[in-house]
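Peer 1: Below is a structure I'd like to ask you about.
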DNA sequence: TTTTCTACCTTACGTTTGTTAGATTATTAC
DNA sequence: GTAATAATCTAACAAACGTAAGGTAGAAAA
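Protein chains in written order, with my numbering: chain A, 23 to 233; chain B, 23 to 233.
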C-alpha cells in the first residue's frame, strides 16, 4: 500500500513504518468521512489499522496531527489530479471541455481515488480551529486553480457576462462536494453523474426556446 | 421565544416548560450545526440554555431525543416554507419562476429562519442510524415536493429533455445545502446569491452563441 | 396556610476519551 | 549470534462524557 505524503512531510521512514502510517491514515480517513471528527476515537482507528491505540503515538503526536495530515492530503490529491488533467488538454480545447473535464476529475477524486478528499469535505467544518487554519492555504490554492480555469474560459468568451466568477467558483466546487451526501458510486455511474452535472452547470435546466 | 413543534409532538406543556424546551432546542441546533453531533456535549447545550446538564432530562429523554426533534423540525420548516411559497404563485407562473422562487425560499430557510434546517443538513450523516432512519420520512417527503415542482415545469415544456429529473432534484437540493459551507449571510446578500444560483441552475454558465 | 406539583439544581455513577510510560517483541547492524 | 534500534503492546492516568437519583425553591391548588 503506497502511502500518500503531503508536500511538507519529507521525513525519511522505514518501509514498515511507512506502511503502518498509511494504514492508519487510510483507516482514519474512512472513519472520519463516515462518522465525523469527534465521532471517531483512536481505538477505532487503531483497530482498523491492526494495532493498539497507544501504538498510534509512535507514528503521530496526536489525533489532531492525524486529521491535519488527512485534510492536507485530501486537498492536495484533488488539486494534483485536476491540474494534471487540465494541463494535458490541447490549447484548442473549448471552455466547455475544460470545465467538463475538471468536473469529472474532481468527482473522481471524491469517489474513486481515496477517502482523503471526501473526508476533508465532510469534516472540515468540525475540526478544531487550528487544524482548519492549517488546511486553509491548500484550500485557497485549489480554489485559485478553479478561478484560473473559469477566468480562462471567460476570457475566451465562453461564459455569460452576467455570471459572477467569484461566486460561480465556490458554487461549482461546493455543489460537486455535495454529491457526497447522496450519490453512491456502487449504484450509479460516475461518468454519467459528471456528464449530468456538467450539462446543468454549463447549459442549465431550461429549454432555450422558453427561457 | 415561540417554540417550533414537530407534527408528531402534540404534548401540552406549561408556558415555562415550553420556553425552556425552545431554548434547549435552539441552543442545541446552533451547536450541532457548528460542531457536529458528537462534537457537542450536553453541558454545552445546558449552559447555552441557562440551566444545568441534569435539568435537560426533565425536558428530553436523551441526547438522541433532542437531535431527533431538531432534525425533524429542520426538514418540516423548509418543506412548509417552500410549499407555501409555491402554492401562492399564480397558475400563469413559468417553470423558471417556480424554480427560482423555490430556490430563494430554500436558501432563506437555511440562513434566516432558524438553525434547525442547517443543523439537519450538516449533521444528518453523523447521527446514530436510528435517528437518521427516523428523519428519513420527512426527507423523502421534501424531496418529493421538489420532484413535483420539477415535473410540473417539465410537463409545461420548460426543461430540456436530456435532463434526468431524478438526478436534477438531488443535484439542486444538495447544491443549495452546500452554500452552508461557504456563504456568510452577514457578508453577502442572500437575494443575490439566490439569483445567481437560479441563473446558473436554469441557464448555465455558458454563452448561447458558443456552447 | 398548607399541600402538591413543576422546573429546576446538585451530586454522583460508570463509561469512554485522548494520551503517556514502561515493558516487550520484531527487525536490522555488526 | 549478539547488540542496538524500531515498532508495537500493555496498563494506566486524568478528564470528559451521557445519564440517573434525590433534593429544593417557587408557583399553583386546596
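Where is the CB? At the ideal position from N, CA and C, for every residue including glycine.
Please state the DSSP three-state secondary structure of residue 93 of chain A.
Peer 2: helix
Peer 1: Quick one: using the 10 Å Cβ neighbour count with 16 as the cut-off for buried, is residue 235 of chain A buried or exposed?
Peer 2: Outside the shown range of chain A (23 to 233) lies residue 235 of chain A, about which nothing can therefore be said.
Peer 1: Any contact of the region 204 to 223 of chain B with the region 190 to 199 of chain A, i.e. 3+ C-beta pairs under 8 angstroms?
Peer 2: yes
Peer 1: Here's the rule: buried if 16 or more other CB atoms are within 10 angstroms of the residue's CB, otherwise exposed. What is residue 166 of chain B?
Peer 2: It counts as exposed.
Peer 1: State the CB to CB distance for the pair residue 228 of chain A and residue 181 of chain B, rounded to an integer number of angstroms; the pair is presumed to be in contact (CB under 8 angstroms).
Peer 2: 7 angstroms
Peer 1: Thinking C-alpha only, which one of A:176, A:74 and A:145 is nearest residue 92 of chain A?
Peer 2: A:145
Peer 1: How is residue 227 of chain B classed by DSSP in three states: helix, strand or coil?
Peer 2: coil
Peer 1: So which residues on chain B does residue 189 of chain A lean against when the C-beta distance must stay under 8 angstroms?
Peer 2: 215 and 218
Peer 1: Which residues does DSSP list as the beta-bridge partners of residue 195 of chain B?
Peer 2: BP columns for residue 195 of chain B are empty, so no partner.
Peer 1: Closer than 8 angstroms by beta-carbon distance: list the chain A residues that pair up with residue 222 of chain B, in chain order.
Peer 2: 185, 190, 193, 223 and 226
Peer 1: Say whether chain B places a C-beta atom closer than 7 angstroms to the C-beta of residue 232 of chain A.
Peer 2: Because residue 232 of chain A carries a pLDDT of 43, less than 50, the predicted location of this residue cannot be relied on, and the following value inherits that uncertainty. Yes, because at least one Cβ of chain B sits closer than 7 angstroms to the Cβ of residue 232 of chain A.
Peer 1: What does the Cβ neighbour count give for residue 123 of chain B, buried or exposed, with the cut at 16 atoms within 10 Å?
Peer 2: buried
Peer 1: State yes or no: is the C-beta of residue 142 of chain B within less than 7 angstroms of the C-beta of residue 76 of chain B?
Peer 2: The answer is no: Cβ separation not under 7 angstroms.
Peer 1: Would residue 209 of chain A be called buried (16 or more neighbouring beta carbons within 10 Å of its own) or exposed?
Peer 2: exposed
Peer 1: So residue 234 of chain B and residue 171 of chain B are in contact, right, with Cβ under 8 angstroms, and what is the actual spacing, rounded?
Peer 2: Residue 234 of chain B falls outside the range modelled here, since chain B spans only 23 to 233, and no answer is possible.
Peer 1: Going by C-alpha distance, which of B:67, B:221 and B:188 is nearest residue 44 of chain B?
Peer 2: Closest option to residue 44 of chain B, Cα to Cα, is B:67.
Peer 1: Contact between the region 134 to 141 of chain B and the region 47 to 56 of chain B: three or more CB pairs below 8 angstroms?
Peer 2: Contact between the region 134 to 141 of chain B and the region 47 to 56 of chain B is present, because at least three Cβ pairs lie under 8 angstroms.
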